[in-house]
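Written out below as structure tokens is the structure these notes cover.
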Amino acid sequence: MKFLKFFIFALLLLLLDHAKVEAADFVVVVNKDNPVESLDRSVVKHIFLGKKTFWDDGQHIDVFLQPDSDLHTSFALEILHKSPNQLLMHWKHILFSGTGIPPRHYPDNNSMKEAIAVNPQAIGYIDAQQLDSTIKKIPLH
Amino acid sequence: MKLLNTISKKIWFCVNVALIGFILATGFALYSNQQLKIHLSHIRDIDFNLAIHSNDLLNLFALQNNYYKESFLFGSPESAERGNSLCEGVIKKIKAITEIQHSTYSLPVDRAEALTTLKKRYQEYSQQATELYPLLAQGKDPGDHIEALQLLAASQNEILSNMEFFSKHYHQNFSKNVNTLIDTTSRNSSYLAVFFITLLIAMSLIVNWAAKRTLITPLNHIKEAVRAFGRGQRSFPALDVMDPSDDIGELGEAIITMTKDLIKTTVSKDYVDSILHNMNDSLIVTSMNFHIRNVNLATLNLLGYDSDELIGRHINTIFRGPLNRVQDCDTFDNADKLDFHSSGKNEKSFYSKDGQIIPVLLSTALLKNGDIENQGFVYVAKDITERKKTEEKLEQMALYDFLTGLANRVSFNDRLEQALRKARRQNSQTGLMFIDLDRFKEINDTLGHDSGDALLKKVAEWLQKSVRECDAVARLGGDEFAIILENINDHQDATNTADRILTAFTTPVRYDGKEFFTSPSIGIAVYPGDATKTEDLLKYADQAMYQAKQNGGNTYSFFSQQKDE
Chain A
10 MKFLKFFIFA
20 LLLLLLDHAK
30 VEAADFVVVV
40 NKDNPVESLD
50 RSVVKHIFLG
60 KKTFWDDGQH
70 IDVFLQPDSD
80 LHTSFALEIL
90 HKSPNQLLMH
100 WKHILFSGTG
110 IPPRHYPDNN
120 SMKEAIAVNP
130 QAIGYIDAQQ
140 LDSTIKKIPL
150 H
Chain G
-11 MKLLNTISKK
-1 IWFCVNVALI
9 GFILATGFAL
19 YSNQQLKIHL
29 SHIRDIDFNL
39 AIHSNDLLNL
49 FALQNNYYKE
59 SFLFGSPESA
69 ERGNSLCEGV
79 IKKIKAITEI
89 QHSTYSLPVD
99 RAEALTTLKK
109 RYQEYSQQAT
119 ELYPLLAQGK
129 DPGDHIEALQ
139 LLAASQNEIL
149 SNMEFFSKHY
159 HQNFSKNVNT
169 LIDTTSRNSS
179 YLAVFFITLL
189 IAMSLIVNWA
199 AKRTLITPLN
209 HIKEAVRAFG
219 RGQRSFPALD
229 VMDPSDDIGE
239 LGEAIITMTK
249 DLIKTTVSKD
259 YVDSILHNMN
269 DSLIVTSMNF
279 HIRNVNLATL
289 NLLGYDSDEL
299 IGRHINTIFR
309 GPLNRVQDCD
319 TFDNADKLDF
329 HSSGKNEKSF
339 YSKDGQIIPV
349 LLSTALLKNG
359 DIENQGFVYV
369 AKDITERKKT
379 EEKLEQMALY
389 DFLTGLANRV
399 SFNDRLEQAL
409 RKARRQNSQT
419 GLMFIDLDRF
429 KEINDTLGHD
439 SGDALLKKVA
449 EWLQKSVREC
459 DAVARLGGDE
469 FAIILENIND
479 HQDATNTADR
489 ILTAFTTPVR
499 YDGKEFFTSP
509 SIGIAVYPGD
519 ATKTEDLLKY
529 ADQAMYQAKQ
539 NGGNTYSFFS
549 QQKDE
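As given, the protein sequences belong to chains A and G, one line each in that order. For the first sequence, my numbering assigns the number 10 to the initial residue and increments by one for each residue that follows. For the second sequence, my numbering assigns the number -11 to the initial residue and increments by one for each residue that follows.
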């Protein structure tokens, strides 16, 4: 296990280095009907790591993720402080122990936008340049 | 207590009580140890095994889980295989626990059911897990099996918590039972201690009571009775109430019978004392070394002592008296002088407190204890003062003339022999004077015997007055008198005496209003001048007296050889 930890750490360093070179801009988005106007970074982290599963009005949070990409990587590193692999492991762990339902994956920005537009409980992230009126951007602070 | 009628039964009773107590105590300890053994065996066979197996089960399942997790997280089919291979072991463990549970008679139904459910649930779980996890490990997308995975995780958690519950439960059960056992042991120890002490006290009380009731109290009655008997008491109410069918009761009866027999056959000490005390003869009891132990009243009256003054003193106090006549052969200096084997009966003399000599007839006997041991001497003394006086009187009558009190012929002969022996020894002269009264027969015939007797008495008086103290006057019979003149120098001494006699006869004798005279004829012979033999001297004095009579009486005449011739 020690070896494993070391391995993950090394990978993380490598990825961090990579991210600095190619930083992609992302925005966190929700359905337009969602009353939420803004969120703390820590709240977002909790939501995407499966530790917060309900909105303040009691609705279940449906978390959407994009597959491994620069955008996903930068989101994972910046907001969740985890590499995509770590995130994967994290959710696998949750899945194995049955403590939560892992997020759904959408292959690109468009498909995610469509999914969020029809699901008022959903939350996800897209490339900032792809933002349009079908969905609502949540500013982070 | 009728049953305990012999001493051996009584002692056996006490011993049996102690034995029963001992057996009870041993049985109790044995029972307690047996209970502990059963308890310990149960813990060893059931609780300990259950705790170990349930813990093993938990560990096995956790290990399997870890393998599956590893295979799922890192996509390792080998780990999934390893996890699969543990299924059989887990099921075996559950079976083993179930079997142990079944072997206990105190099986709780709900736990047996829980075990069955667990087994069933695990079997379901393992069926799915052995299929799903290897698939996922081989790279299948978990996203397609989210529901199955969720179910699996749920049952996994349930099973785990169930197993944790069992493990915890059995572990708690084990330690609980061990603690109970420790508590029981210490409780049993204190119970046993209390029980033993109670038993000991109870037994000692019973034994003490029984011994006191059946042995000590009756024996004390007997002891008191014997003491009382020694003091002179003759009835013992405590002995009368004793059970005669009892050993000790028999002893009591025997003592009562003995005292009754003794009263019948023996006289009391008081009775003997009063007899001895009141007897007329003196009774003195001494020890072997002649110290006085006891005297009776007659002794005290006779001697004038108090009993305190005599008891403890040597017998010679009485035999010697205050004069301390050591030379007296009758004193008892040692026991050899006594004939122990026959009671001696002798005339002895006691000396009273004021120094008087009391003649006694003394009989001595050895005081024996049984036939063996000499205890001392018993003296019985009879006062013979009166008898002695009588004897002296008889002696007087034998040796002296009863009328005049002068020596008679018998004692005169003795005196004469003595005087002549003395004269022979001292080379001195002794005169012998024969005196005959002239015309005494006439006086006797005319004036009567009474007058004659009076005359003879008077003559005796005159003769005594006329001689010296050492000279002996005797009446030889009738009107014959004789005088021994000891140690005279010559004839003149005899002549002087004769003259004094003749002068004395000039006085008339008065009797019964009558006055009469008499005169003596005196014949004198002198030793050794006239004769050396007693018979000769007597014969010559007689001859000389006849000479005087022939000369007309009222005169004296010396013996002369020439006249005889």
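From the three backbone atoms N, C-alpha and C, an ideal C-beta is built for every residue, glycine too. Quick caveat: nothing in here was measured; it's all calculated off a predicted structure.
Buried or exposed for residue i, please, with buried defined as at least 16 other CB atoms from any protein chain shown within 10 angstroms of its CB.
{"i": "G/Gln549", "result": "exposed"}
{"i": "G/Gln417", "result": "buried"}
{"i": "G/Gly220", "result": "exposed"}
{"i": "A/Asp75", "result": "The sequence shown places Gln at residue 75 of chain A, not Asp. The residue in question, A/Gln75, is buried, as its Cβ has 16 or more Cβ neighbours within 10 Å."}
{"i": "G/Trp450", "result": "buried"}
{"i": "G/Lys453", "result": "exposed"}
{"i": "G/Leu103", "result": "buried"}
{"i": "G/Ile26", "result": "exposed"}
{"i": "A/Glu123", "result": "exposed"}
{"i": "G/Tyr515", "result": "buried"}
{"i": "G/Ser(-4)", "result": "exposed"}
{"i": "G/Gly218", "result": "exposed"}
{"i": "G/Ala242", "result": "exposed"}
{"i": "G/Asp530", "result": "buried"}
{"i": "A/Asn40", "result": "buried"}
{"i": "G/Ala513", "result": "buried"}
{"i": "A/Val72", "result": "buried"}
Going along the chain, which residues of its own chain have a beta-carbon closer than 8 Å to the beta-carbon of residue i, five neighbours each way excluded?
{"i": "G/Ile554", "result": "No answer is possible for residue 554 of chain G: it lies beyond the span of chain G, which begins at -11 and ends at 553."}
{"i": "G/His159", "result": "Ala39, Ser42 and Asn43"}
{"i": "G/Lys164", "result": "none"}
{"i": "G/Phe9", "result": "Note that residue 9 of chain G is Gly in the sequence shown here, rather than Phe. If we look at G/Gly9 and ignore the five residues flanking it on each side, its Cβ neighbours are Leu187, Leu188, Ala190 and Met191."}
{"i": "A/Asp66", "result": "Pro44"}
{"i": "G/Pro130", "result": "Phe60, Leu124 and Leu137"}
{"i": "G/Phe140", "result": "Phe is not the amino acid found at residue 140 of chain G; the sequence shown has Leu there. Once the five neighbours on either side are set aside, the close Cβ partners of G/Leu140 are Tyr113, Gln116, Ala117 and Leu120."}
{"i": "G/Asn542", "result": "Asp426, Leu490, Phe493, Ser507, Pro508 and Ser509"}
{"i": "G/Thr173", "result": "Leu24"}
Excluding five sequence neighbours on each side, which residues of the same chain lie with their C-beta closer than 6 Å to the C-beta of residue i?
{"i": "A/Trp100", "result": "Pro111"}
{"i": "G/Val366", "result": "Val273, Ala353 and Leu355"}
{"i": "G/Ile82", "result": "Lys107"}
{"i": "G/Asn334", "result": "Leu350"}
{"i": "A/Lys145", "result": "Val39 and Lys41"}
{"i": "G/Val3", "result": "none"}
{"i": "G/Asn284", "result": "Leu264, His265 and Leu271"}
Residues in the same chain with beta-carbon distance under 7 Å from residue i, minus the five sequence neighbours each way, listed in chain order, please.
{"i": "G/Gly436", "result": "none"}
{"i": "G/Ser20", "result": "Asn176 and Leu180"}
{"i": "G/Leu46", "result": "Met151, Glu152 and Ser155"}
{"i": "A/Pro93", "result": "Asp77, His81, Thr82 and Ala85"}
{"i": "G/Leu291", "result": "Ile306, Phe338, Ser340 and Lys341"}
Looking at chain G, which residues of the segment 73 to 97 of chain A have a Cβ within less than 9 Å of any of its Cβ atoms?
Residues: none.
If contact means a Cβ-Cβ distance below 7 Å, which residues of the segment 48 to 73 of chain G contact chain A?
Answer in chain order: Lys57, Phe60 and Leu61.
Between the segment 54 to 71 of chain A and chain G, which residues of the former have CB atoms less than 9 Å from a CB of the latter, in chain order?
none
Whole alpha helix (DSSP H) elements within the segment 225 to 311 of chain G, 4-residue minimum
Runs found: 225 to 228, 235 to 253, 257 to 266, 285 to 291, 295 to 298 and 304 to 308.
Should the segment 99 to 114 of chain A be regarded as contacting the segment 128 to 146 of chain G, the criterion being three or more beta carbon pairs within less than 8 Å?
yes
Mind listing, in chain order, the continuous beta strand (DSSP E) runs of no fewer than 3 residues lying wholly within the segment 67 to 132 of chain G?
none
Can you give me, in chain order, the residues of the segment 111 to 123 of chain A that have a beta carbon less than 9 Å from any beta carbon in chain G?
Pro111, Arg113 and His114
Is the segment 473 to 482 of chain G close to the segment 427 to 435 of chain G, with three or more CB pairs under 8 Å?
When Cβ pairs closer than 8 Å are counted between the two stretches, the segment 473 to 482 of chain G is seen not to touch the segment 427 to 435 of chain G, the count staying below three.
Can you list, in chain order, the residues of the segment 96 to 119 of chain G whose Cβ is nearer than 7 Å to any Cβ on chain A?
none
Okay, do the segment 404 to 420 of chain G and the segment 463 to 478 of chain G touch, 3+ Cβ pairs below 8 Å being the bar?
yes
What alpha helix (DSSP H) runs, 4 residues minimum, are completely inside the segment 510 to 544 of chain G?
Along the length of the segment 510 to 544 of chain G, whole alpha helix (DSSP H) runs at least 4 residues long occupy 522 to 538, reported in chain order.
What residues in the segment 120 to 138 of chain G bring their beta carbon closer than 8 Å to a beta carbon of chain A?
Pro130, Gly131, Ile134, Leu137 and Gln138
I'd like the ranges of any beta strand (DSSP E) spanning at least 3 consecutive residues and lying wholly in the segment 57 to 89 of chain A.
71 to 74
Can you list, in chain order, the residues of the segment 142 to 162 of chain G whose Cβ is nearer than 8 Å to any Cβ on chain A?
Listed in sequence order: Ala142, Gln144 and Asn145.
If you measure beta-carbon to beta-carbon, which residues of the segment 99 to 111 of chain A are closer than 8 Å to chain G?
Lys101, His102, Leu104, Phe105, Ser106, Gly107, Thr108, Ile110 and Pro111
Could you pull out every unbroken beta strand (DSSP E) segment of at least 3 residues lying fully inside the segment 413 to 481 of chain G, listed in chain order?
As far as the segment 413 to 481 of chain G is concerned, its whole beta strand (DSSP E) runs of at least 3 residues are 417 to 426, 460 to 465 and 468 to 476.
Ignoring anything shorter than 4 residues, give me the alpha helix (DSSP H) runs that lie fully in the segment 89 to 114 of chain A, in order along the chain.
93 to 106
Mind the definition here: the segment 190 to 207 of chain G touches the segment 68 to 80 of chain G only if three or more C-beta pairs lie below 8 Å; say whether that holds.
Too few Cβ pairs lie closer than 8 Å, so no.
Using 8 Å as the threshold, is the segment 512 to 526 of chain G in touch with the segment 487 to 501 of chain G, meaning 3 or more CB pairs across them?
Too few Cβ pairs lie closer than 8 Å, so no.
Is the segment 389 to 405 of chain G in contact with the segment 459 to 466 of chain G, if contact means three or more CB pairs nearer than 8 Å?
yes
My parser needs the alpha helix (DSSP H) runs of 4 or more residues fully inside the segment 333 to 419 of chain G; what are they?
373 to 387 and 397 to 414
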